[in-house]
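Be aware that the sequence shown starts at 1, since it is given in this note's numbering, and climbs by one per residue.
Every residue, glycine too, gets a C-beta built ideally from N, C-alpha and C.
Treat the numbers as computed from the prediction; the structure is a model and nothing was measured.
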Amino acid sequence: MDTRLLEILACPACKGPLVHARAAEVLVCRAERLAYPIRDGIPVLLDEEARSLASDDPLLAR
């Protein structure tokens with residue numbers, strides 16, 4: 001994922017920053033505990049595609 005693109009993308013739910021979890025191929029919003037998939041290099045920032053994360057999910061680790 002291009003770092004410049006990542007800098008301008010925001011969580012659709014809270015407008016907060018997203019973190020790229022490379023191994024899982026998702027963009028994570030820590031504030032909302034959501035993981036948005038990346039398919040074929042394209043982030044899918046749709047509420048219905050987001051996966052809720054448990055509070056102890058390793059993707060939320062800093």
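Run through DSSP, which three-state label would residue i get?
{"i": "residue 37", "result": "strand"}
Go to residue i, then tell me how far its alpha helix (DSSP H) extends in each direction, as first and last residue.
{"i": "residue 6", "result": "3 to 8"}
Grab me the residues of residue i's own chain with a C-beta within less than 6 Å of its C-beta, minus the 5 sequence neighbours each way, in chain order.
{"i": "residue 19", "result": "28"}
{"i": "residue 33", "result": "53"}
{"i": "residue 50", "result": "34, 36"}
{"i": "residue 1", "result": "20"}
With a 10 Å radius around its C-beta and 16 neighbouring C-beta atoms as the bar for buried, classify residue i as buried or exposed.
{"i": "residue 14", "result": "exposed"}
{"i": "residue 45", "result": "buried"}
{"i": "residue 117", "result": "As shown, the chain starts at 1 and ends at 62. That puts residue 117 outside it, with no answer to give."}
Nearest-angstrom Cα distance between residue i and residue j?
{"i": "residue 48", "j": "residue 56", "result": "22 Å"}
{"i": "residue 7", "j": "residue 25", "result": "17 Å"}
Tell me which residues share the same chain as residue i and place their Cβ nearer than 7 Å to its Cβ, disregarding the 5 neighbours each side in the sequence.
{"i": "residue 12", "result": "45, 47"}
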